[in-house]
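K.L.:
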Amino acid sequence: MRIPFESSIAGMFGLALELQIVDQESQALVRRGSDIIASLDQSSHASRRVRTGARQDFLELVSGEHEHPAGLLAQMSEIRSEAIRSALANQSFLSGAGAHPGTFWMEANAVRPSGQAVESELAASFYAARVFVGVKSGDEAIRLIRLLTPYVPHLIALSASSPVMTGQSVGMVCARLLSRLERGGTTSMPTNIQTWDDFEHYIALLGSGGRSDPADLGWDMVPRPELGTVEIRVMDASLTVERACSLAGFVQALSQWVLRQDDMHSVSPSLQSVNRAQACFLGLNADYLRLDGGRSVPLRQELLALMDEVLTVADEIGSVDQIDEVASWVQTRRCDADWLHQQAIRVTRPEGIVQRMVARFDASQGSDITSDLVHASELRPFSSQRIQADQRFRALLANRLAPGMTITDFDRQL
Numbered sequence: 123m124r125i126p127f128e129s130s131i132a133g134m135f136g137l138a139l140e141l142q143i144v145d146q147e148s149q150a151l152v153r154r155g156s157d158i159i160a161s162l163d164q165s166s167h168a169s170r171r172v173r174t175g176a177r178q179d180f181l182e183l184v185s186g187e188h189e190h191p192a193g194l195l196a197q198m199s200e201i202r203s204e205a206i207r208s209a210l211a212n213q214s215f216l217s218g219a220g221a222h223p224g225t226f227w228m229e230a231n232a233v234r235p236s237g238q239a240v241e242s243e244l245a246a247s248f249y250a251a252r253v254f255v256g257v258k259s260g261d262e263a264i265r266l267i268r269l270l271t272p273y274v275p276h277l278i279a280l281s282a283s284s285p286v287m288t289g290q291s292v293g294m295v296c297a298r299l300l301s302r303l304e305r306g307g308t309t310s311m312p313t314n315i316q317t318w319d320d321f322e323h324y325i326a327l328l329g330s331g332g333r334s335d336p337a338d339l340g341w342d343m344v345p346r347p348e349l350g351t352v353e354i355r356v357m358d359a360s361l362t363v364e365r366a367c368s369l370a371g372f373v374q375a376l377s378q379w380v381l382r383q384d385d386m387h388s389v390s391p392s393l394q395s396v397n398r399a400q401a402c403f404l405g406l407n408a409d410y411l412r413l414d415g416g417r418s419v420p421l422r423q424e425l426l427a428l429m430d431e432v433l434t435v436a437d438e439i440g441s442v443d444q445i446d447e448v449a450s451w452v453q454t455r456r457c458d459a460d461w462l463h464q465q466a467i468r469v470t471r472p473e474g475i476v477q478r479m480v481a482r483f484d485a486s487q488g489s490d491i492t493s494d495l496v497h498a499s500e501l502r503p504f505s506s507q508r509i510q511a512d513q514r515f516r517a518l519l520a521n522r523l524a525p526g527m528t529i530t531d532f533d534r535q536l
């Protein structure tokens, strides 16, 4: 099965950011996507960059191709303004974050007696940011995915923004990805895919089972041959357009940097699974098992060292400011998951958390709540029931991620 790959300009990149649509009165998710799109100013260029889906409870802001992060931010800011205006006209607010705070984690992951996971609740409550990076060929797309794979935990930790369910923190920073893992979703490109020919053969095998669209693969990163890009979709939706664009700028620079490195050996699936799970649970507080022997180092330290390396490329493509911005999050622990966790402490009710999320996303409201933080010593401990639920989930996840690894082995890494 031949799959033509549309060559694009290497280094060009774009962003797609999913946003929650919430009711102005109840702060609950509402299905008004089509209504909001119908109310957009059709004469505006930005209106053609707003989409929704079958769920109707989200909007997706989609940029064009860009060479520099500054151009991306300018376009995404314009799209945001138009989307907010139309949402307000439909009694709705828009909000970032990877999950709606009103979702109940354990209910959303319930299993019916038949053994079928409750997909509807999960599908309606998790939101992502996707970065598209241009490549010249299918072989380069496969190579880029392979080279970026060790850095998936880094991107998870930097973007994590789904730590709150039913108004409380649930013991993890990225519930969105853990939910997918718990339901058995594939995460990484199979290690035996090394070339575009290998990928075509893999898709042909899937096609015999009824699936043949690369976009439908449940991987963290997928080639998009019709666009000439690699789609990186491991990241939670950011709380603001500015943060999403800064992360996209980092991904652009990281992609160009890894392509200049010597090809790396395949990452051990078990090692990658542990690193990924730690990032989902602990974010920037996680440890990272290095590829050169599995030595454990703080992920925060690993990230800062990586950013120093990437700066050489960032200087060439004009994304130094974005790298510096993302590095400041790591140094000051001001990532989205930390902010949401602290709002859950102050507000306690999901509706109040959503109000703050909305105010933070809509910078034009002038709400200054970004500094409304509390010291870590004030964090309210989880209830025993929630801790037990988290422990059960970690046990299930350990067995799912690394067959043969005991729960004790897994917990040692956490």
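Throughout the sequence shown, residue numbering follows my numbering, covering 123 to 536 in sequence.
Glycine included, every Cβ here is placed at the ideal spot set by N, Cα and C.
Computed from a predicted model, the values in this text were never measured in an experiment.
Is the CB-CB distance between Gln149 and Val476 below 8 angstroms?
P.N.:
yes
K.L.:
Does Glu353 come out as helix, strand or coil in the three-state DSSP assignment?
P.N.:
strand
K.L.:
Roughly how many whole angstroms lie between the Cα atoms of Gln400 and Ile315?
P.N.:
26 angstroms
K.L.:
Contact defined as beta carbons within less than 8 angstroms: I believe Pro285 pairs with Tyr410. What is the distance between those atoms, to the nearest angstrom?
P.N.:
In fact, because the Cβ distance is near 19 angstroms, the residues do not count as touching under 8 angstroms.
K.L.:
With H, G and I counted as helix, E and B as strand and the rest as coil, what does DSSP make of Ile143?
P.N.:
strand
K.L.:
Determine, using beta carbons only, whether Gln352 and Leu266 come nearer to each other than 8 angstroms.
P.N.:
Inspection of the sequence shows that residue 352 is occupied by Val rather than by Gln. Yes, they are a contact pair.
K.L.:
For Cys457, does the three-state DSSP call read helix, strand or coil?
P.N.:
coil
K.L.:
In the DSSP assignment, what residue or residues form a beta bridge with Tyr410?
P.N.:
Val419
K.L.:
Mark Ile131 as exposed unless 16 or more other C-beta atoms lie within 10 angstroms of its C-beta, in which case mark it buried.
P.N.:
exposed
K.L.:
Can you name, in chain order, every residue of its own chain whose Cβ lies under 6 angstroms from the Cβ of Asp512, other than the five neighbours on each side?
P.N.:
Caution applies to Asp512, whose pLDDT of 46 falls short of 50 and renders its modelled position unreliable; the model cannot decide the point.
K.L.:
Measure the alpha-carbon distance for Glu189 versus Val356 and round it to whole angstroms.
P.N.:
Across the structure, Glu189 and Val356 are spaced so that their CA atoms are roughly 22 angstroms apart.
K.L.:
In chain order, what residues of the same chain have a beta carbon less than 6 angstroms from the beta carbon of Leu425, not counting five sequence neighbours either side?
P.N.:
Sequence-distant partners of Leu425 (beyond 5 residues in either direction) whose C-beta falls short of 6 angstroms from its own C-beta, in its chain, are His276 and Val452.
K.L.:
If we count the other Cβ atoms within 10 Å of its Cβ and call it buried at 16 or more, is Gly371 buried or exposed?
P.N.:
buried
K.L.:
What whole-angstrom Cβ distance do Glu128 and Pro347 have, given they're in contact under 8 angstroms?
P.N.:
6 angstroms
K.L.:
Would you tell me roughly how many angstroms separate the C-alpha atoms of Gly175 and Arg153, rounded to the nearest one?
P.N.:
Linking Gly175 to Arg153 through their CA atoms gives a straight-line distance of about 10 angstroms.
K.L.:
Are the CB atoms of Arg202 and Ile354 nearer to each other than 8 angstroms?
P.N.:
no
K.L.:
So what's Pro336 in DSSP terms, helix, strand or just coil?
P.N.:
helix
K.L.:
To the nearest angstrom, how far is the alpha carbon of Gln465 from that of Val419?
P.N.:
29 angstroms
K.L.:
Flag this pair as touching only if the segment 199-217 and the segment 161-176 have three or more C-beta atom pairs under 8 angstroms; answer yes or no.
P.N.:
Remark: three or more beta-carbon pairs, one from each stretch, lie closer than 8 angstroms, so the segment 199-217 and the segment 161-176 are flagged as touching.
K.L.:
I need the straight-line Cα distance from Gly224 to Val144, nearest angstrom please.
P.N.:
11 angstroms
K.L.:
Can you grab the Cα-Cα spacing for the pair Ala375 / Arg124, in whole Å?
P.N.:
31 angstroms
K.L.:
Given Leu433, which residues of its chain have a CB within under 7 angstroms of its CB, disregarding the five upstream and five downstream residues?
P.N.:
Val442 and Ile445
K.L.:
Does the beta-carbon distance from Ala221 to Leu406 come in below 8 angstroms?
P.N.:
no
K.L.:
In this structure, does DSSP put Gly256 in helix, strand or coil?
P.N.:
strand
K.L.:
Quick one, are the C-beta atoms of Phe483 and Leu361 less than 8 angstroms apart?
P.N.:
yes
K.L.:
Quick one: Cα of Ala230 to Cα of Ile325, how far?
P.N.:
Only weak support is given to the placement of Ala230: the predicted model assigns it a pLDDT of 40, under 50, and the value that follows is read from those uncertain coordinates. Spanning the two alpha carbons is a distance of roughly 31 angstroms.
K.L.:
Taking 8 angstroms as the cut-off, decide whether the C-beta atoms of Ala219 and Asp458 are in contact.
P.N.:
In contact: Ala219 and Asp458 (Cβ atoms closer than 8 angstroms).
K.L.:
Using 8 angstroms for Cβ pairs, my map puts Leu270 next to Met343. What's the rounded Cβ distance?
P.N.:
6 angstroms
K.L.:
Answer yes or no: do Leu151 and Gln142 have a C-beta to C-beta separation smaller than 8 angstroms?
P.N.:
Annotated as proximal: Leu151 and Gln142, with beta-carbon spacing under 8 angstroms.
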